[in-house]
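Convert by adding 986 to the 1-based position in the sequence shown; the result is the number in my numbering.
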Amino acid sequence: MFNKRSRYFRVGEAGVGGSKPTPYNQTGTTTNVSKDTFEIQHELAGTTARNLESIEEVEKEPEYAELKPTIGVFSGSALIVGLMIGSGIFSTPGTILAKVGSPGMAMVLWTLGGIVTYAGTISYVELGTMIPKNGGEQAYLAYAFQKPRALIAFLFCWAMIVCIRPGSEAADSNMFAKYILYAAYGPRSTMEPNTYIVDHYDWILRSISLVGFTAVSVTTALSTRVALRVIDVLTIIKLLTLALISITGIVALAGGIPSVPNPGNWNNPFDGTKADGNGYAEALFKIFWTYDGWNNLNYSIGELKNPSKNLPIAATLGVGFTTTLYILSNLAYFAVVPKDIAISSAEVLAGNFSTIVFGFTVGRVVIPIFIAFSAYGAVSNMVFSGARILLVAAREGYVPFGSWLGKLHHKWGTPVNAIIVNWVWAGI
987 MFNKRSRYFR VGEAGVGGSK PTPYNQTGTT TNVSKDTFEI QHELAGTTAR
1037 NLESIEEVEK EPEYAELKPT IGVFSGSALI VGLMIGSGIF STPGTILAKV
1087 GSPGMAMVLW TLGGIVTYAG TISYVELGTM IPKNGGEQAY LAYAFQKPRA
1137 LIAFLFCWAM IVCIRPGSEA ADSNMFAKYI LYAAYGPRST MEPNTYIVDH
1187 YDWILRSISL VGFTAVSVTT ALSTRVALRV IDVLTIIKLL TLALISITGI
1237 VALAGGIPSV PNPGNWNNPF DGTKADGNGY AEALFKIFWT YDGWNNLNYS
1287 IGELKNPSKN LPIAATLGVG FTTTLYILSN LAYFAVVPKD IAISSAEVLA
1337 GNFSTIVFGF TVGRVVIPIF IAFSAYGAVS NMVFSGARIL LVAAREGYVP
1387 FGSWLGKLHH KWGTPVNAII VNWVWAGI
């Protein structure tokens, strides 16, 4: 409608903030019009021009402030490694061994999990370089399935916001608390009965979990750079812990630690292998849960510097290092811990391993603290990326109070409102 004024005025001659225009008909020749008509056309032209300028200003002004690209290759890899290495590798190997019956078959499944994870990684690298926007699957599903009105992306966001991400945050927060209590008091089964810690164990566990989760949320809300530095440091701790477990286990398997007897698990690695399909399905489910996090960088790819170059590097390094350490750690566990103890260890297999290898002080106190902060680091990663998922969902209009949830803090430049909502829901 705004272009209709070209029927009356030649662009650049007059009529928009200049002298009175010369009237033309559609063929470009002058035409006779009354003075009143000519004045009306002139006023309409000025009003239209002002409207166009105001519309252009509104279009140029963004509705929301954007997150700045602050993530490099190392921090990008740390976001992947930091979420992949959470509590799973320290808590699930004993359970998986119980499901499949033998260390050899457990290693086969862990290797299969690594292959599937790498296949998913290279697929998400392709998606991330094609659509370099925050939100991960939300952006990809919205692009691929635009009808009916981005329904698939809408459902994905709600599943992540309501169930998947808060549940994972709560689980790893509990694992953080469990290993803190393990370092302080030892396994729950060996605690003195009728003591305060035993009688109120569950409430103490929840309290420590909530304190850790709150600390993560506050750090993430105050500064993106500080949150990334915390994730970087905790990722280094994770890698060093797994590297220490892997190296000492291999040395013990080679007979390099005389104080650690060889349990003989690798003499016949497939002895006792089960043929229970349900057990294998449950084992694979736990393995894939332990590998989960390989796509974590895609949720924050809008903040990654030069994503077309850095995403393939960061993703490949992160997943490659983690898969290698997972396989070596399982080799180490079963090289030190007898099979029956490994099965009964359940979620504290890594604690029993460290006690056998390093003794009471280091094995039962120091290593469990490292494992606790490994779980803490996973929570940090989930809060960081989970806030981005909620932020994008709010800006796309998928959740109520979108204008409030989609805002960044005016001073800190972080999605504080999204972090608060995530903290409340996961805490419940």
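Beta carbons: idealized from backbone N, C-alpha and C, even for Gly.
DSSP three-state call for residue i: helix, strand or coil?
i: I1075; result: helix
i: I1117; result: coil
i: G1413; result: helix
i: I1057; result: strand
i: N1011; result: Note on N1011: pLDDT 47, under 50, position unreliable in the model; the coordinate value appears next. Looking at N1011 - three-state DSSP - the assignment turns out to be coil, as it is neither helix nor strand.
i: Q1124; result: helix
i: Y1362; result: helix
i: T1176; result: helix
i: T1228; result: Contrary to the premise, residue 1228 reads as Leu rather than Thr in this sequence. L1228: helix per DSSP, three-state reduction.
i: S1209; result: coil
i: P1354; result: helix
i: E1052; result: coil
i: I1190; result: helix
i: V1246; result: coil
i: L1069; result: helix
i: K1393; result: coil
i: P1089; result: helix
i: F1387; result: coil
i: G1080; result: helix
i: G1241; result: coil
i: T1234; result: helix
i: T1097; result: helix
i: R1112; result: Note that residue 1112 is Glu in the sequence shown, not Arg. Reduced to three states, the DSSP call for E1112 is helix.
i: G1337; result: helix
i: G938; result: For residue 938 there is no data in the structure shown, the boundaries of the chain being 987 and 1414.
i: T1181; result: coil
Given residue i, which residues of its chain have a CB within under 6 Å of its CB, disregarding the five upstream and five downstream residues?
i: A1139; result: Q1124, L1127 and A1128
i: V1369; result: V1202, S1203 and T1206
i: A1364; result: L1069, G1072 and D1158
i: E1043; result: Per-residue confidence for E1043 stands at a pLDDT of 41, beneath the threshold of 50, marking its modelled position as unreliable; the derived number appears in the next sentence. Nothing meets the Cβ criterion.
i: G1388; result: A1380
i: I1353; result: S1340
i: Y1277; result: G1099 and T1103
i: P1152; result: W1411 and A1412
i: Y1357; result: Checking the displayed sequence, the identity of residue 1357 turns out to be Ile instead of Tyr. Around I1357: F1076, Y1165 and A1336.
i: R1215; result: none
i: V1111; result: L1297, P1298 and A1301
i: R1374; result: N1120, Y1285 and S1286
Short of 7 Å in beta carbon distance, which residues of its chain neighbour residue i, apart from the five on each side in sequence? Order them along the chain.
i: V1059; result: N1296, I1299 and A1300
i: T1341; result: G1349 and R1350
i: N1254; result: none
i: P1048; result: Residue placement at P1048 cannot be trusted, given a pLDDT of 48 that sits under 50; what the coordinates show is reported in the next sentence. None.
i: F1344; result: I1353
i: V1246; result: A1238, V1322, I1342 and V1343
i: A1156; result: A1412
i: M1177; result: Y1171, I1183 and V1184
i: G1392; result: Y1050, L1377, A1380 and R1381
i: N1403; result: W1390, L1391 and K1393
With distances taken Cα to Cα, identify the nearest neighbour of residue i among the options.
i: G1413; options: F1142, R1192 and H1186; result: R1192
i: D1262; options: Y1285, V1410, K1164 and V1086; result: V1086
i: T1115; options: I1166, P1386 and L1290; result: L1290
i: D1326; options: P1249, Y1384 and G1265; result: P1249
i: R1174; options: A1321, L1270 and V1184; result: V1184
i: F1320; options: N1282, N1251, G1265 and F1359; result: N1251
i: T1309; options: V1322, F1274, Y1285 and P1324; result: F1274
i: I1355; options: K1164, S1232, V1410 and N1180; result: K1164
i: L1208; options: V1407, W1411 and L1394; result: L1394
i: G1372; options: F1131, T1176, P1401 and G1345; result: P1401
i: I1117; options: S1088, S1245 and S1286; result: S1286
i: F1359; options: C1143, Y1168 and G1090; result: Y1168
i: C1143; options: N1160, F1162, M1161 and N1120; result: N1120
i: M1161; options: S1109, I1190 and N1281; result: I1190
i: F1256; options: P1089, L1391 and S1063; result: P1089
i: N1282; options: L1314, I1231 and G1062; result: G1062
i: L1225; options: L1239, A1361 and K1133; result: A1361
i: I1406; options: K1260, F1346, S1232 and I1147; result: I1147
i: W1280; options: I1217, A1051, I1375 and S1109; result: S1109
i: T1259; options: W1096, M1091 and E1052; result: M1091
i: I1066; options: T1107, L1113 and L1053; result: T1107
i: L1141; options: G1383, G1399, N1180 and P1179; result: G1383
Take residue i and list the residues in its own chain whose beta-carbon comes closer than 8 Å to its own, dropping the five residues that flank it on each side.
i: M1093; result: P1255, I1313, N1316 and L1317
i: R1211; result: T1056
i: L1095; result: I1082, V1086, Y1266, A1269, L1270 and I1273
What ranges does the beta strand (DSSP E) occupy inside the region 1251-1335, keeping only unbroken runs of at least 3 residues that lie completely in it? none
Are there three or more Cβ pairs, one per stretch, closer than 8 Å when the region 1319-1337 is compared with the region 1073-1093? Touching, yes.
Three or more C-beta pairs closer than 8 Å, one from the region 1096-1105 and one from the region 1305-1315: is that the case here? yes
Pairing CB atoms from the region 1186-1200 with CB atoms from the region 1215-1235, are three or more of them under 8 Å? no
Runs of alpha helix (DSSP H) wholly within the region 1131-1165 (minimum 4 residues, chain order): 1137-1145
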